[in-house]
Amino acid sequence: MDQNKALAQLLFPTIDKTPADYEALYPPRDLPEGARVTRFAPSPTGYLHIGGLFGALVDVLTAKVSGGVSYLRIEDTDKKREVVDGVSGITDGMKAFGVKFDEGVTGFGTETGAYGPYTQSQRVEIYQTVAKSLVENGLAYPCFCSADDLNAIREQQEAAGADIRGYFGKWAKCRDLSFEEIEENLRAGKSWVLRFRSDGSPEKRIFFEDLIRGKIEMPENIIDEVLLKSDGIPTYHFAHCCDDHFMRTTHVIRGEEWISSVPKHIALFKACGYKVPKYAHTPQVLKLDDETGDKRKLSKRKDPEAAVSFFVEEGVPKESLTEYLLTLLSSGFEDWRRANPDVPAMDYPFNLKKMSSSGCLFDLVKLNDVSKNVISKFSAARVYADVAAWAQVYDPEFYAVFTADPARATAALNIDRETPKPRKDIAKWSEVKAYLSYFFNEYYTPDLTLPENLSPADAAEICKGCAAAFDLADDKEQWFARIKALCEPLGFTPNVKEYKQDPSAFKGHVGDVSTVIRVALTGRRNTPDLYAIMQLLGEAEIRARLAAAAAAWTNA
Ligand code: GLU
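Following this note's numbering, the numbering of the sequence shown begins with 2 at its first residue and continues without gaps.
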């Protein structure tokens, strides 16, 4: 038996499969020409960063527009980063924002698709099979260096002023151990890692085309990278190579922090005899630091909005967040949106080439604006259903009040909605309690502050006049005519133009009279259509509020 084969057998006695078995088990996908296979590959930390959702959107859209497949793979080879159920937080966040993969992990312990298992810890036999074949081909070797040995090498490299640090070439102590030495170390029970035997040269450079950044040139990899750790579990680099090959990924889209590893990855794909996938490295999600005013990475520790769960808790609809992320993601999105105002955002013909390679600035104020616009187009029934579902979980007390009379709550939400120019008042469901507070006595704490040009005494008179005049059976025009009729006896004018010509002749105009009534009935100066609000408040409540406001202003 040749010595490499014997070594492979010595290191992996229980592995009896060959890479060919897996080639047969995971055949090339039967997809049309040009179809892209993408994956989102988070570690199961239970935490979905907004940058993760951003990346996942890129994966899903890239696959979708090409008629390909996107899948979710859980990368749990780093046990230090893992939490008990670190998967649901990720899959729930994806579901909440409508990001749906074609295959892969679907929740804690569940998955779908023919290229699984989609969790790396369940694929150890695959990695070891590939590792064994690399040893057979002389492309990998066991390394018995302890942490102290590695430190000593680093110190020697520093002392020698070596340009490149790490385990390679003449520094790689275990690279040329004899079969007998290895056997002896194993017999002595020494722990080992499996290293890649790099044939890279410090003089050579590699080129690759990043689909977002264009052509990139870097020094070739010369490091004998660790492939399997001492517990037989692969490193990220090796698992990436095996998984993206056997899951038949065509496009590896991942964060820009991985660019520097591409030379290693290309070397590994080539050593294994695999086609190198296409790479696209997405920019980071940044924010403007409140204190310094500088751009910085959105931080899990400092920024609540870094977590996707934050938007679930705040009740930001999925359409709003995806709409906003797409404006950040793709320079062509806003033009497309103008031309296609009513098409779902996920139907956007996404193109990686239209992504910016510099960081994307995540701005909550802009998200709010986008969301107000998105929500303004929802039907009242949709808003009612979403608010109810949100409140049931995040504000049960409001849920009880809000859903006590669904028709009334829906009608309240429908004021100035479902019209060609709907109001853009609501950015998220957590705002609805305050937004509708004047419809619910439980939450109504009116602010009766008047605009400066109106006196409390006049306001009290307006309330009294309104109480005497209004009739809920009026249509909107009749109601407005009554307000106009109130003006003159109280020293106001029904005619705004007339007021503008000579303001000193009047206490104010019909708009001021309406404002007083609005403040008396809702505690606000700005609301949707007051006539519609009054219809929902009902006569008794209107009378009570007018009387209360008149009393407050009389005593002011
Ligand atoms: N598991 C890696 C991470 O969480 C994924 C990188 C990749 O997509 O290849 O950063």
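Don't be surprised by glycine CBs; every beta carbon is placed ideally from N, CA and C. In this text the structure is predicted, and so the values were computed from the model without any measurement.
Which of helix, strand or coil DSSP assigns to residue i
{"i": "S71", "result": "strand"}
{"i": "E112", "result": "strand"}
{"i": "E184", "result": "helix"}
{"i": "Y237", "result": "helix"}
{"i": "F209", "result": "strand"}
{"i": "A141", "result": "strand"}
{"i": "E221", "result": "coil"}
{"i": "V38", "result": "strand"}
{"i": "T78", "result": "coil"}
{"i": "A281", "result": "strand"}
{"i": "G274", "result": "coil"}
{"i": "E542", "result": "helix"}
{"i": "R354", "result": "Per the sequence presented here, residue 354 reads as Lys, with Arg not at that position. Residue state, collapsed to three classes: helix."}
{"i": "T15", "result": "coil"}
{"i": "G294", "result": "coil"}
{"i": "C361", "result": "strand"}
{"i": "T130", "result": "helix"}
{"i": "K301", "result": "coil"}
{"i": "T494", "result": "strand"}
{"i": "L289", "result": "strand"}
{"i": "T1", "result": "Since the first and last residues shown for the chain are 2 and 557, residue 1 lies out of range."}
{"i": "L195", "result": "strand"}
{"i": "T46", "result": "coil"}
{"i": "T120", "result": "strand"}
Span of the alpha helix (DSSP H), counted from its first residue to its last, around residue i
{"i": "A410", "result": "407-414"}
{"i": "K96", "result": "89-97"}
{"i": "V371", "result": "365-377"}
{"i": "S66", "result": "The residue you asked about is not Ser; residue 66 is Val in the sequence shown. From DSSP, the alpha helix (DSSP H) with V66 extends over 51-66."}
{"i": "L326", "result": "319-330"}
{"i": "A340", "result": "334-340"}
{"i": "D387", "result": "381-395"}
{"i": "Y23", "result": "20-26"}
Limits of the unbroken beta strand (DSSP E) element including residue i
{"i": "I254", "result": "252-256"}
{"i": "V227", "result": "227-229"}
{"i": "E315", "result": "Careful: E315 lies outside any beta strand (DSSP E), inside the alpha helix (DSSP H) at 309-315."}
{"i": "F102", "result": "Where F102 is concerned, there is no enclosing beta strand (DSSP E), given that its DSSP letter is neither H nor E."}
{"i": "L151", "result": "Counting along the chain, L151 falls outside any beta strand (DSSP E), though it belongs to the alpha helix (DSSP H) covering 148-161."}
{"i": "F169", "result": "Careful: F169 lies outside any beta strand (DSSP E) and carries neither H nor E."}
Close-in-space but distant-in-sequence residues of the same chain around residue i (CB under 8 angstroms, 5 per side omitted)
{"i": "A7", "result": "F180"}
{"i": "D103", "result": "A64, V70, S71, Y72, G114"}
{"i": "V84", "result": "P45, T46, G47"}
{"i": "T523", "result": "Y439, P447, L531, I534"}
{"i": "L54", "result": "G94, M95, F98, V100, V309, L322, L326"}
{"i": "D22", "result": "T130"}
{"i": "K296", "result": "L287, K288, L289, D290, G360, L362"}
{"i": "R74", "result": "R40, F41, A42, G105, V106, Y119, T120, Q121, D244, M248"}
{"i": "N454", "result": "G509, D513"}
Candidates the options, of which the one nearest residue i by Cα
{"i": "T323", "options": "L414, I51, A25", "result": "I51"}
{"i": "P235", "options": "I127, P342, E218, T250", "result": "I127"}
{"i": "L12", "options": "D103, R297, K133", "result": "K133"}
{"i": "A468", "options": "E542, E453, P495", "result": "E542"}
{"i": "V517", "options": "Q502, K501, F493, A506", "result": "F493"}
{"i": "E489", "options": "T446, R166, G512", "result": "G512"}
{"i": "T92", "options": "A533, V309, Q121, P397", "result": "V309"}
{"i": "L633", "options": "C464, Y500, G233, V497", "result": "Nothing about residue 633 can be read from this structure; the chain reaches only from 2 to 557."}
{"i": "P118", "options": "V227, P305, Y27", "result": "Y27"}
{"i": "V277", "options": "Y500, D295, I260, T251", "result": "T251"}
{"i": "R418", "options": "K373, L32, Y400, T328", "result": "K373"}
{"i": "Y237", "options": "L537, T120, P495, A392", "result": "T120"}
{"i": "E443", "options": "D426, P407, F399", "result": "F399"}
{"i": "R525", "options": "W480, R483, Q536, A435", "result": "A435"}
Contacting residues, own chain, Cβ-Cβ under 6 angstroms from residue i (five flanking each side not counted)
{"i": "V313", "result": "A97"}
{"i": "K422", "result": "none"}
{"i": "K288", "result": "L299, F363"}
{"i": "N369", "result": "A428"}
{"i": "S431", "result": "E315, G316"}
{"i": "P305", "result": "F311"}
Close beta carbons around residue i, own chain, < 7 angstroms, minus the five adjacent residues each side
{"i": "C144", "result": "C175, W193, V194, R196"}
{"i": "L558", "result": "The question about residue 558 has no answer, for the chain in this structure spans 2 to 557."}
{"i": "F351", "result": "L62, T63, V66, S331"}
{"i": "T411", "result": "A381, A382, Y385"}
{"i": "A307", "result": "H50, I51, L299, S300, K301"}
{"i": "Q393", "result": "Y400"}
{"i": "K205", "result": "E221"}
Secondary structure, alpha helix (DSSP H): runs of 4+ residues fully inside the region 419-477: As far as the region 419-477 is concerned, its whole alpha helix (DSSP H) runs of at least 4 residues are 433-436, 457-470.
Within the region 499-539, note down every full alpha helix (DSSP H) run reaching 4 residues or more, in order along the chain. Runs of the alpha helix (DSSP H) inside the region 499-539: 511-523, 531-538.
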